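Engineer: Handing you this structure, nothing more for now.
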Amino acid sequence: MTASPNQLEHIKRAAAVKVMIFDVDGVLTDGSLTYGPDGEATKTFNVLDGLGIQLLQKSGVATAIISARQSPIVVRRAADLGIMHVHQGIHDKRVAFARLLEATGFTAAQCGYIGDDVIDLPLLLQVGFAVTVPTGHPEVQYRAHYVTKAGGGRGAVREVCDMVMRAQGTYDAALAPYFA
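Position 164, counted from 1, in the sequence shown is what this note's numbering calls 210; the numbers after and before it change by one each time, with no gaps.
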């Protein structure tokens, strides 16, 4: 089967990614916020997404989180996955993005970003590979390079991680230990 011109463009963009950046609510989670009896918010993360992030990191792609919300749960999840760059509680995500670029030495064109709402547009318009989820805001979907088939918190992140590894030729090596 031959790839369409649109698919070839996604592959080209994914192949250039040196750091993949994830929004949290609506991307790493399904966007739901559950409040406990003491007012604490809880989030549910997908294990397939988590392994995808770890495999992506092992393949040589750095990972980061940029979220406007502040949550100790995100810090815990990032630590569990080995995500070194976590920027939270910054409503203007451009500020966090500038800090990330400075810390990593990468350019915006070498970054991928997956977000789902208009607050993510400033980053989606700068990065080399802009991704959203099927429930992403229509303005975001219109401007994204790729819309995942899986939903946020339901495998969208894994889909993107696998796509980047396939585009970079590291997918088979990443999965090889599981076939031994």
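The beta-carbon is built from N, C-alpha and C at its ideal position, and this holds for glycine as well. Note that this is a predicted model, so its numbers are computed, not measured.
What are the partner residues of Q134, as DSSP defines its beta bridges?
Structural biologist: Indexing the sequence shown from 1 puts residue 134 at position 88. Paired residue(s): S113.
Engineer: Should the stretch 77-88 be called in touch with the stretch 128-135, which here means at least 3 C-beta pairs below 8 Å?
Structural biologist: With the cut-off at 8 Å, the stretch 77-88 and the stretch 128-135 do not touch.
Engineer: For N52, is the classification buried or exposed, using 16 other Cβ atoms within 10 angstroms of its Cβ as the cut-off for buried?
Structural biologist: In the sequence shown, the residue the question calls residue 52 occupies position 6. It is exposed - the Cβ of N52 has fewer than 16 other Cβ atoms within 10 Å.
Engineer: I'd like to confirm the pairing. Which residues does DSSP put opposite T227 in its beta bridges?
Structural biologist: An answer regarding residue 227 cannot be provided, because it is not within the stretch 47 to 226 covered by the chain.
Engineer: Here's a check: name, in chain order, each residue in its chain whose Cβ is nearer than 8 Å to the Cβ of Q156, leaving out the five neighbours to either side.
Structural biologist: Translated into positions along the sequence shown, residue 156 becomes position 110. Answer for Q156: A62, V63, K64, V65, G174, listed in chain order.
Engineer: How many angstroms separate the CA atom of A176 from the CA atom of D71?
Structural biologist: Position 130 of the sequence shown holds residue 176. Position 25 of the sequence shown holds residue 71. One C-alpha to the other measures close to 17 Å.
Engineer: Under 7 Å, Cβ to Cβ, is there at least one residue of chain B near A220?
Structural biologist: No chain B is part of this structure, which consists of one protein chain only.
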